[in-house]
């Protein structure tokens with residue numbers, strides 16, 4: 005899948021990552037009684053990517069860690085034979101070292117290593133307590149360590165906005181890590197930190213090196229709003245306008261389809277505690293976020309639950325596959 009903007013200059017090479025297909029692939033509930041008894045795994049992931057005409061495949065590092073060097077090289081050759089470029093999908097920067105991710109990039113000859121930063125979700129820094137400042141310190145130390153290594157070995161370390169950091173904080177991290185540190189832009193994850201998608205994009209656009217195409221329908225609550233997964237293009241994210249901003253800074257980027265998690269994200273911004281740890285935000289900036297969230301909003305009384313939340317595990321595979329296929333179809337429409 006390849007999507008240009010209206011000027012046919014900016015190109016997205018579009019593919020898949022595993023995080024919108026976690027039950028189908030066997031990641032959701034792994035090691036628990038609710039795990040998929042017949043997971044598709046890496047081979048099923050490649051088969052689906054081929055069926056959808058993917059140009060990029062973001063590959064979960066634990067799959068690759070289980071393989072020998074020769075097996076990873078064989079995978080690289082297999083992907084090259086079907087015209088798919090690999091991206092390495094690492095874990096949390098505050099968690100395990102990136103040695104396995106760098107090994108995978110070397111063997112796959114991948115250019116991009118994606119990494120999230122912290123386990124914080126829903127923008128809720130306060131829930132981390134004293135850990136939050138500890139996380140920030142660890143990130144700074146590791147970017148100083150791993151950024152120069154990425155540069156020396158010819159990779160881009162692309163840090164993701166994973167519902168934890170604001171656009172300006174990400175830019176500061178990129179400056180700290182050096183020229184080989186950029187951003188994996190998750191298009192849906194501006195809402196958890198109270199930023200409108202286009203405002204967020206304008207700040208980080210020069211630093212974006214890879215894109216996670218995510219969308220949410222927003223449901224307003226008495227505590228803030230919920231972010232509910234949906235097919236990409238059916239929610240609140242204004243993709244055409246967002247791509248136009250990216251196109252002002254890039255001729256070409258890789259991107260992957262990633263419907264949101266199987267659990268809704270509840271951003272409780274109406275609680276004063278939720279704001280602890282954030283830099284000041286103007287009323288106008290937050291109003292822009294709330295206005296953007298109105299697009300395709302979910303009615304307040306609608307059932308927001310996914311089959312996973314309803315414990316309807318028997319319908320999960322078709323639910324995920326139907327959503328990823330609709331997402332691919334929606335992205336193709338941007339070509340026309």
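Numbering (this note's numbering), first residue to last: 5 to 340.
Glycine residues also receive a C-beta, built at the ideal position from the N, C-alpha and C atoms.
Best match in 194, 31, 5 and 107 for proximity to residue 68 [C-alpha to C-alpha]: The residue given as residue 68 occupies position 64 in the chain shown. Of the listed residues, the one whose Cα sits closest to residue 68 is 107.
Out of curiosity, what's the CA-to-CA distance linking residue 284 and residue 172? Locating residue 284 in the chain shown gives position 280, counting from the first residue. Locating residue 172 in the chain shown gives position 168, counting from the first residue. Those two C-alpha atoms are separated by around 12 Å.
Does the region 122–139 come into contact with the region 161–172, if we say contact requires no fewer than three beta-carbon pairs (one atom in each stretch) closer than 8 Å? Yes, they touch.
State the CB to CB distance for the pair residue 96 and residue 123, rounded to an integer number of angstroms; the pair is presumed to be in contact (CB under 8 Å). Translated into the one-based positions of the chain shown, residue 96 becomes position 92. Translated into the one-based positions of the chain shown, residue 123 becomes position 119. Correct: roughly 6 Å between the Cβ atoms.
Are the Cβ atoms of residue 118 and residue 91 separated by less than 8 Å? If you number the chain shown from 1, residue 118 lands on position 114. If you number the chain shown from 1, residue 91 lands on position 87. Yes, the Cβ-Cβ distance between residue 118 and residue 91 is below 8 Å.
State the Cα-Cα distance for the pair residue 143 and residue 317, rounded to the nearest angstrom. Locating residue 143 in the chain shown gives position 139, where the first residue counts as 1. Locating residue 317 in the chain shown gives position 313, where the first residue counts as 1. Roughly 37 Å between the two C-alpha positions.
Cβ-Cβ distance between residue 313 and residue 272 below 8 Å: Translated into the one-based positions of the chain shown, residue 313 becomes position 309. Translated into the one-based positions of the chain shown, residue 272 becomes position 268. With contacts defined by Cβ atoms closer than 8 Å, residue 313 and residue 272 do not form a contacting pair.
Can the beta-carbon of residue 197 be found less than 8 Å from the beta-carbon of residue 219? Within the chain shown, the letter at position 193 stands for residue 197. Within the chain shown, the letter at position 215 stands for residue 219. The beta carbons of residue 197 and residue 219 sit no closer together than 8 Å.
Can you tell me whether residue 186 is helix, strand or coil according to DSSP? In the chain shown, the residue the question calls residue 186 occupies position 182. Residue state, collapsed to three classes: strand.
Cβ-based burial, residue 223 [other Cβ within 10 Å; buried from 16]: The sequence position of residue 223 within the chain shown is 219, counting from 1. Buried is the call here.
CA-CA distance, residue 206 and residue 183? Within the chain shown, numbered from 1, the residue matching residue 206 stands at position 202. Within the chain shown, numbered from 1, the residue matching residue 183 stands at position 179. A direct Cα-to-Cα measurement between residue 206 and residue 183 gives close to 19 Å.
Which of the three DSSP states is assigned to residue 15 in this structure? Mapped onto the chain shown, residue 15 falls at position 11. DSSP places residue 15 in strand when its eight states are reduced to three.
Excluding the 5 residues flanking residue 29 on each side, which residues of the same chain have their C-beta closer than 7 Å to its C-beta? Numbered from 1 along the chain shown, position 25 holds the residue referred to as residue 29. Excluding five sequence positions before and after residue 29, the CB atoms of its chain that fall closer than 7 Å to its own CB belong to 22, 43, 44, 45, 48 and 49, given in chain order.
Residues sharing a beta bridge with residue 93, DSSP: Position 89 of the chain shown, counting from 1, holds the residue named residue 93. Beta-bridge pairing by DSSP links residue 93 to 64 and 118.
Give me whichever residues DSSP pairs with residue 217 in a beta bridge. For the purposes of this step, residue 217 is taken as residue 213 along the chain shown, with counting starting at 1. DSSP lists 261 as partners of residue 217.
Span separating the alpha-carbon of residue 204 from that of residue 139: Position 200 of the chain shown, counted from the start, is the residue given in the question as residue 204. Position 135 of the chain shown, counted from the start, is the residue given in the question as residue 139. Cα-Cα distance, rounded: 22 Å.
Which word fits residue 36, buried or exposed, when buried means at least 16 other C-beta atoms lie within 10 angstroms of its C-beta? To locate residue 36, count along the chain shown from 1; it is residue 32. Under the 10 Å beta carbon count, residue 36 is surrounded by fewer than 16 other beta carbons and is classified as exposed.
For residue 190, I'd like the list of residues in its chain whose CB is within less than 6 Å of its CB, leaving aside the five on either flank, ordered along the chain. By 1-based counting over the chain shown, the position of residue 190 is 186. Answer for residue 190: 164, 165, 216 and 218, listed in chain order.
Could you check which residue in 157, 194 and 103 has the C-alpha nearest to that of residue 174? On the chain shown, position 170 is the one that residue 174 refers to. It is 194 whose Cα lies nearest to the Cα of residue 174.
Could you check which residue in 33, 132 and 300 has the C-alpha nearest to that of residue 237? Here residue 237 is taken as the residue at index 233 of the chain shown, counted from 1. With distances taken between Cα atoms, residue 237 lies closest to 300.
Would you call residue 72 buried or exposed, if buried means 16 or more other Cβ atoms sit within 10 Å of its Cβ? Reading the chain shown from its first residue, position 68 is the one you call residue 72. By the 10 Å Cβ count, residue 72 comes out exposed.
Can you give me the Cβ contacts of residue 210 inside the same chain, cut-off strictly under 8 Å, excluding the 5 residues immediately before and after it? Against the chain shown, residue 210 aligns to sequence position 206. Beyond the five residues adjoining it in sequence on each side, residue 210 comes within less than 8 Å, by CB distance, of 253 in the same chain, given in chain order.
Could you give the first and the last residue of the continuous alpha helix (DSSP H) run that contains residue 248? Stepping through the chain shown from its first residue, residue 248 is reached at position 244. Counting along the chain, residue 248 sits inside the alpha helix (DSSP H) bounded by residues 243–251.
Given a threshold of 16 other Cβ atoms within 10 Å of its Cβ, counted over all protein chains shown, does residue 148 qualify as buried or as exposed? Numbered from 1 along the chain shown, position 144 holds the residue referred to as residue 148. For residue 148, the number of other beta carbons within 10 angstroms of its own is below 16, and it is reported as exposed.
Considering only DSSP beta bridges, list what residue 224 is partnered with. Indexing the chain shown from 1 puts residue 224 at position 220. DSSP lists 229 as partners of residue 224.
Please go through the same chain and pick out, in chain order, the residues whose beta-carbon is closer than 7 Å to the beta-carbon of residue 202, but skip the five residues on each side of it. Numbered from 1 along the chain shown, position 198 holds the residue referred to as residue 202. Exclusion of the five residues before and after residue 202 leaves 242, 245, 246 and 249 as the residues of its chain whose Cβ lies within less than 7 Å of its Cβ.
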